[in-house]
Amino acid sequence: MFSSYARDEGQKKTYEAAGQCLSDLVYNAGFSQEALHFFAGGTPLGTGSIVEHLPNDKDKAIWQSPRFTQGLVDCTTNAMPTPMAGP
Numbered sequence: 066m067f068s069s070y071a072r073d074e075g076q077k078k079t080y081e082a083a084g085q086c087l088s089d090l091v092y093n094a095g096f097s098q099e100a101l102h103f104f105a106g107g108t109p110l111g112t113g114s115i116v117e118h119l120p121n122d123k124d125k126a127i128w129q130s131p132r133f134t135q136g137l138v139d140c141t142t143n144a145m146p147t148p149m150a151g152p
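Residue numbers (my numbering): 66 to 152.
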């Protein structure tokens with residue numbers, strides 16, 4: 066889910082490694098069904114900030130809350146990405 070939002074290959078690998086943690090965090094945060102559908106669908110290139118696409122103020126408040134943002138940081142910090150293959 067989140068790997069489609071990655072800026073580069075390194076971030077994509079981290080998001081993939083953190084997938085279960087991120088999924089649990091998002092699922093348990095209290096987002097609306099519309100927001101969950103948006104997350105699950107990924108994002109087209111050039112979409113901008115995720116918060117700009119959330120359907121209502123409650124979803125935006127959850128996304129920007131210190132508890133949720135710290136959860137995102139914790140998930141990605143504790144992820145163990147598979148090293149990229151060298152040339």
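Think of the CB as a built atom: it goes at the ideal place given N, C-alpha and C, for glycine as much as any other residue.
Relative to Asp-139, the option among Leu-87, Ser-114 and Glu-74 whose CA is nearest is Leu-87.
By a beta-carbon distance limit of 8 Å, Phe-96 contacts Asp-124. Their separation comes to about 5 Å.
Straight-line measurement puts the Cα of Asp-89 at about 14 Å from the Cα of Trp-128. Around the CB of Val-116, fewer than 16 other CB atoms lie within 10 Å, so the residue is classed as exposed.
With respect to Met-145, Ala-100 sits apart: the two C-beta atoms are not nearer than 9 Å.
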